[in-house]
Each structure stands twice: as structure tokens, then as C-alpha cells.
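Asks: Residue numbers are given in full-length UniProt numbering: position 149 of the sequence shown equals residue 149, and the series is strictly consecutive. All C-beta atoms, glycine included, are put in the ideal place defined by N, C-alpha and C.
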Amino acid sequence: MKNGEGMVREKQEMTTMKPLSPVSQLFVSPDFYCVIVFTLGFKTRCNPSAIVEGIKNTWLKLPRFCSKVELDDKKNGEAVWVPVCVRIEDHVIVPDLDYSNIEKPDEFIEDYTSNLANTPMDMSKPLWEFHVLNIKTSNAESLGIGKFHHSLGDGMSLMSLLLASSRKISDPDALPTTATTIKHVDDSNDKGCGLVGRFWLLMIIIFTTVIELFKSLLTLCFMRDTKTPLMGIPGDRIRPRKVIHRIVSFDDVKFVKNTMEMKVNDVFLGITQAGLSKYLSRKYDKDPVVEKKKILEKIRLRGTVAVNLRPDTKIEDLADMMAKGSKSRWGNFLGVTIFPLWVKHEEDPLEYVRRAKATMDTKKLSMESLIFYGIIKFTMKVFGEKAVETLAKRIFGHTTLTFSNVLGPNEEISFFHHPMSYVAASALVGPQALIIHFVSYVNKIIINLSVDTTVIPDPHLLCDDLVESLDLLKLAILESELHKIEV
Numbered sequence: 001m002k003n004g005e006g007m008v009r010e011k012q013e014m015t016t017m018k019p020l021s022p023v024s025q026l027f028v029s030p031d032f033y034c035v036i037v038f039t040l041g042f043k044t045r046c047n048p049s050a051i052v053e054g055i056k057n058t059w060l061k062l063p064r065f066c067s068k069v070e071l072d073d074k075k076n077g078e079a080v081w082v083p084v085c086v087r088i089e090d091h092v093i094v095p096d097l098d099y100s101n102i103e104k105p106d107e108f109i110e111d112y113t114s115n116l117a118n119t120p121m122d123m124s125k126p127l128w129e130f131h132v133l134n135i136k137t138s139n140a141e142s143l144g145i146g147k148f149h150h151s152l153g154d155g156m157s158l159m160s161l162l163l164a165s166s167r168k169i170s171d172p173d174a175l176p177t178t179a180t181t182i183k184h185v186d187d188s189n190d191k192g193c194g195l196v197g198r199f200w201l202l203m204i205i206i207f208t209t210v211i212e213l214f215k216s217l218l219t220l221c222f223m224r225d226t227k228t229p230l231m232g233i234p235g236d237r238i239r240p241r242k243v244i245h246r247i248v249s250f251d252d253v254k255f256v257k258n259t260m261e262m263k264v265n266d267v268f269l270g271i272t273q274a275g276l277s278k279y280l281s282r283k284y285d286k287d288p289v290v291e292k293k294k295i296l297e298k299i300r301l302r303g304t305v306a307v308n309l310r311p312d313t314k315i316e317d318l319a320d321m322m323a324k325g326s327k328s329r330w331g332n333f334l335g336v337t338i339f340p341l342w343v344k345h346e347e348d349p350l351e352y353v354r355r356a357k358a359t360m361d362t363k364k365l366s367m368e369s370l371i372f373y374g375i376i377k378f379t380m381k382v383f384g385e386k387a388v389e390t391l392a393k394r395i396f397g398h399t400t401l402t403f404s405n406v407l408g409p410n411e412e413i414s415f416f417h418h419p420m421s422y423v424a425a426s427a428l429v430g431p432q433a434l435i436i437h438f439v440s441y442v443n444k445i446i447i448n449l450s451v452d453t454t455v456i457p458d459p460h461l462l463c464d465d466l467v468e469s470l471d472l473l474k475l476a477i478l479e480s481e482l483h484k485i486e487v
């Protein structure tokens, strides 16, 4: 590759420095290291030149991918995007590895991804990189591993980047398709009788929002989660993390969802609650059974859930998100809600999903996440970055984990002419010892864990518990259906 070809200057109408959004301002704080690491599994060997050319023609059209972050002295040290020249070879990396001597490729990739996640980013250049590895694993023939600073955008923004970089396998000229996600209150509430029904619904929303905000205020002030083997260590020091993932069947998730007449999110949360309960129950195995049940009953365990605040997310909007004048907003347009998790000893595993749905239904009626976003904007504008940082540290420091999910393509796609096998992603945010992400791709669900191994030394065991929980949910449904037939 010639040096001239390696230099790309972003063509922008405005080359002036642009301030970061309030959430992005928080993410670039030195004491709040936040990155997103994702893995694309390919069905064929990688052609690095094709990927470089594709990134040039797609990613570098985004101003943030051709800008670095600087502190503007004229604006009291406010962080701003500064357009710069991009040398593509500094961002698309093909490591020189002796693949023949790698005996356990899956473990090697876990270590490679974790080391990449824990390496601080060079703030003197645009905050992204993409590694191409022609190494065969149990789920792919080759891999692309990306690392984005969270200030570039949230999970929905980065999913839009993947979609814009891909085409259908069945139709190489067509954009991928994905499930439409529409933000709304529970459908059953739409059946209200005229003005009276709408007024009553409004009262419920206001009441629920006030209650949930009050609980969040208590968390900010003093209410911490119970100290468990999952709880992070207090302090400002950013600890190394292990990044792993596991692939399960989306059909199994849909089976539970359809049988119990719930949403996919309800099943994900139910799996999480069942898996965490199983993991914690094992940790307390040294205690008598009765005592163990009492211990689990007394545990207060909550998660921070990232909520996409865009009003709707359709494939057309995602693909056009990078275009000028797009209705969908690129960047970090997300709020946070604090989610209570049911980690009790249940004989019926389906109870975890029922509890998840009940909690989800309450949260859908609350405007907590949107108000949190407004509070962050107001606090950043009036009191500055340090005040927002303090708020964020208290939220993450007083809860146990972060939980989120992103719906990916629902049919086979190719990434710059490379047919994909799966997509995995983890966001490393805040001081929590455990971060769980669910990402879908066609008929697969990828369970992603990011853990502080000083707190959770056995992340693979925890991942096994989550996978086994899905199997137990499916088995419980099959047994109940069989019992109905016998009766």
C-alpha cells in the first residue's frame, strides 16, 4: 500500500471543532475508561486489502472516525472533536502471528481480545482500530476484532455502522434486514376507552416514574447492593477485564418467548436472573441448604441497563444514520435505568422469566431513562464534567452489573464481501465487575461477558450457568406441555 493511499482527509462542510455530547464527555474522562470491543466471525479467510478499501469508503465518511478528542482551553477545558488526517494503516492492523504454533485458537482469541480491551487508547489520533486475524476457531475461519472508544457512539450507532458496511448474502446489492424495534408502552394500554383511558394511563406513567426515580435517588445517595461474589471492588482504579462470549440458539429463546407469550428482552433477563442465581447458589454451597436459601433471599442485586432513546429503530434509519440529515441520531443517545434482579432459589426455573416480565412491564411505563439523560445534560452544562462523573460512579458503584442487548441482522450478511458467521460485542464501562451483553445474529444469540477476574475468577463457569439456564427454561416448558398432554 502506497503512503498516499494511506492518508484520508475527511471532507466536511464544517471543519471547526465540535463539542462532544454530554454522555461522550463522560466517556472520555480519564477516570472513566469506556471502550467497546467487538468480534466479527467470518466463514472464509480474510482479505485485508478488501477490508481496508471498504473502511475507507464507509467508516471514514463519519466525522468522528476522522477526528481526535482535545480539550479546548477557550471553553474551560471542554472536550471537542478536532478533524485530522487519518493514516489507515494506523487503524487497520494485521498482526504478524505464527498461526501454526497456536495450539488453542479459541483461548488465544480470548486472550487477544482481552489484552486489546485492557490496552489504553492513544488519544492523539481517532479513537478506533480494527484487527484482522486469519486464524481458524471453532466458530469461524477468520476474525475481525474492533475496538471503539465509547465516545464514538453507543451500541445502536455501531450496529448501524455494521449494517452500512454489509450486504445480504442472498442479494449482494441489498442492505441487511433486522427486526424493527419501536419504543412504546405496553400494547394492552392502547385499548383504553377514549380520554378517560388515556388520562388514567398518563397517571400510571407519572406515578411509576416518580416511584422509580425515588428508588434511583436512594441509590445515588446511599443504597448499595449486597456484597456478593459478583460485586465490584470500590475505588477509582480501573481493573483489567476478561472478555469472553458463548453462542446459543436464537430458536430456543424464541421457543420460550412464544410459549410464555413474552418479549425477547423478558427471556434475556430471565436467563440472566436464573444464571446469576445458579452461580451465587454454588458460591454459598458451604452453608447448609436452609441457610443458603436465607442468604439468597436477603440479597439485593441490581443492574444498570442502557436504554436506546431513539423513538424507533428501522433498518432504513440504521443504514442512513451516517448520512447528513438522517432522522436517526448517531452518537451516544442512551439513558440508564436501574433494574432489580431476582436472584432467589426457585424450584420452578420459569419463575425467573415471569419475574423478569413483571419488572420489564413496570420499567416500560417509567420515563426514568429519559429523565436520567436529561439530568446528565443539565448537570454537565451547569456543574461540569466532574459532577456528572460523580453521579455516574455512584450509580455504577452502588449496583452490581450492567446489562444490555442489541438486535442484529436477521439474515446472513457479508462484511465487505466476507460472509459472516457471528458478531460478538462487549462494552467496558464503569467500575462494575460484571457486564453482560446479548447480541443476535440470524438464528444465533451471542452471550458476551466482560468481567473483573480479581472479583470473578471463573467467568467461563458463569457463562456456562447462563447457557444452562436457557436449557432449563426450555426443558421446564417441554415438561409442562407433556404434563398437560398426559392429563
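Figure out for me which residue from T39, L40 and Q25 has the closest Cα to the Cα of Y33.
Replies: Of the listed residues, the one whose Cα sits closest to Y33 is Q25.
Asks: For F65, name the three-state secondary structure that DSSP assigns.
Replies: Here F65 sits in helix by DSSP.
Asks: At which residue ranges does the UniProt domain "O-acyltransferase WSD1 C-terminal" (330-474) contain complete alpha helix (DSSP H) runs of 4 or more residues, listed in the order of the chain?
Replies: Whole alpha helix (DSSP H) segments, 4+ residues: 350-364, 368-382 and 385-398.
Asks: Alpha carbons only, please: which of P457, K377, E347 and V442 is nearest the one belonging to S469?
Replies: Checked all of P457, K377, E347 and V442; the closest Cα to S469 is E347.
Asks: For P19, which of helix, strand or coil comes out of DSSP?
Replies: It is a strand residue.
Asks: Whose C-beta lies closer than 8 Å to the C-beta of K474 among residues of the same chain, with five residues either side of it excluded?
Replies: Correct list, in chain order: D252, F255 and V256.
Asks: Rounded to a whole number of angstroms, what is the C-alpha to C-alpha distance between R167 and I36?
Replies: For R167 and I36, the distance between alpha carbons rounds to 23 Å.
Asks: Please state whether DSSP places G232 in a helix, a strand or coil.
Replies: Of the three classes helix, strand and coil, the one that applies to G232 here is coil, per DSSP.
Asks: Could you tell me how far apart the beta carbons of H418 and T44 are, in whole angstroms, since I believe they sit closer than 8 Å?
Replies: With a Cβ gap of about 6 Å, H418 and T44 count as contacting.
Asks: Within 10 angstroms of its Cβ, does D266 collect 16 or more other Cβ (buried), or is it exposed?
Replies: D266 should be labelled buried.
Asks: If you measure between the beta carbons of Q432 and F403, is that distance less than 8 Å?
Replies: Taking 8 Å as the Cβ cut-off, Q432 and F403 do not qualify as a contacting pair.
Asks: Quick one: what does DSSP say E481 is sitting in, helix, strand or coil?
Replies: Here E481 sits in helix by DSSP.
Asks: The alpha helix (DSSP H) spanning N308 covers which residue range?
Replies: It is not in any alpha helix (DSSP H) - N308 instead sits in the beta strand (DSSP E) that spans R302 to N308.
Asks: Please go through the same chain and pick out, in chain order, the residues whose beta-carbon is closer than 7 Å to the beta-carbon of T259, but skip the five residues on each side of it.
Replies: Result list for T259: I477, in chain order.
Asks: Just mark N332 as buried or exposed, buried being the case when its beta carbon has 16 or more other beta carbons within 10 Å.
Replies: Buried is the call here.
Asks: Pairs of beta-carbons, one from the segment 371-381 and one from the segment 411-426, closer than 8 Å: are there three or more?
Replies: The segment 371-381 vs the segment 411-426: no contact.
Asks: Between I338 and A392, what straight-line distance do the alpha-carbon atoms span, to the nearest angstrom?
Replies: Those two C-alpha atoms are separated by around 12 Å.
Asks: Near R300, what residues of its chain come up, given a Cβ to Cβ distance below 7 Å and the 5 sequence neighbours on each side ignored?
Replies: Cβ within range, chain order: D225 and T226.
Asks: Going by C-alpha to C-alpha distance, which of K61, C463 and S67 sits closest to G275?
Replies: Among K61, C463 and S67, the Cα nearest to that of G275 is on C463.
Asks: State the CB to CB distance for the pair L40 and L143, rounded to an integer number of angstroms; the pair is presumed to be in contact (CB under 8 Å).
Replies: Between L143 and L40 the Cβ distance is about 7 Å, and since that is below 8 Å, they are a contact.
Asks: Please give the ranges of any alpha helix (DSSP H) in the segment 197-279, keeping only runs that are unbroken, at least 4 residues long and fully inside the region.
Replies: Taking only runs of at least 4 residues, the alpha helix (DSSP H) segments lying wholly in the segment 197-279 are 250-259.
Asks: Does I93 come out as helix, strand or coil in the three-state DSSP assignment?
Replies: If DSSP states are grouped into helix, strand and coil, I93 belongs with the strands.
Asks: Beta strand (DSSP E) containing L143: first to last residue?
Replies: Unbroken beta strand (DSSP E) run through L143: S142 to H149.
Asks: Tell me which residues share the same chain as L296 and place their Cβ nearer than 8 Å to its Cβ, disregarding the 5 neighbours each side in the sequence.
Replies: Excluding residues within five positions, the ones whose Cβ falls inside 8 Å are S277, L280, S281, Y284, V343, K344 and H345.
Asks: What residue ranges within the segment 111-175 form continuous alpha helix (DSSP H) runs of no fewer than 4 residues, ordered along the chain?
Replies: Runs found: 155-164.
Asks: Assuming E103 is part of the alpha helix (DSSP H), what are its boundary residues?
Replies: No alpha helix (DSSP H) contains E103, which DSSP labels as neither H nor E.
Asks: Report, in whole angstroms, the separation of the C-beta atoms of V132 and V94, which I expect to be a contact under 8 Å.
Replies: Their Cβ separation, rounded to whole angstroms, is 5 Å, which keeps V132 and V94 in contact under 8 Å.
Asks: List the DSSP bridge partners of F42.
Replies: DSSP output for F42 lists S142 and M420 as bridge partner(s).
Asks: Contact between the segment 433-444 and the segment 52-65 is defined here as three or more beta-carbon pairs at a separation below 8 Å; is this criterion met?
Replies: No: fewer than three Cβ pairs fall under 8 Å.
Asks: So L466 packs on I271, CB below 8 Å; how close in whole Å?
Replies: L466 to I271, Cβ: 6 Å. Contact.
Asks: Is it buried or exposed for D154, if we count other Cβ within 10 angstroms and need 16 for buried?
Replies: Looking at its Cβ environment, which holds 16 or more other Cβ atoms inside 10 Å, D154 is buried.
Asks: Do you know offhand how far N308's Cα is from P288's?
Replies: So the two alpha carbons sit approximately 43 Å from each other.
Asks: May I ask you to list the residues that DSSP assigns as paired with E70?
Replies: DSSP, once it has assigned bridges, lists V80 as partnering E70.
Asks: List the whole-angstrom C-beta distance separating I447 from Y422, where the pair is believed to meet the contact cut-off of C-beta under 8 Å.
Replies: Contact flag wrong, Cβ pair sits at about 11 Å.
Asks: Given E141, which residues of its chain have a CB within under 7 Å of its CB, disregarding the five upstream and five downstream residues?
Replies: Only F42, K43, T44 and R45 meet the Cβ criterion.
Asks: With distance defined between alpha-carbon atoms, name the residue in A356, D458, T454 and P30 nearest to E261.
Replies: Of A356, D458, T454 and P30, the residue nearest in Cα terms is A356.
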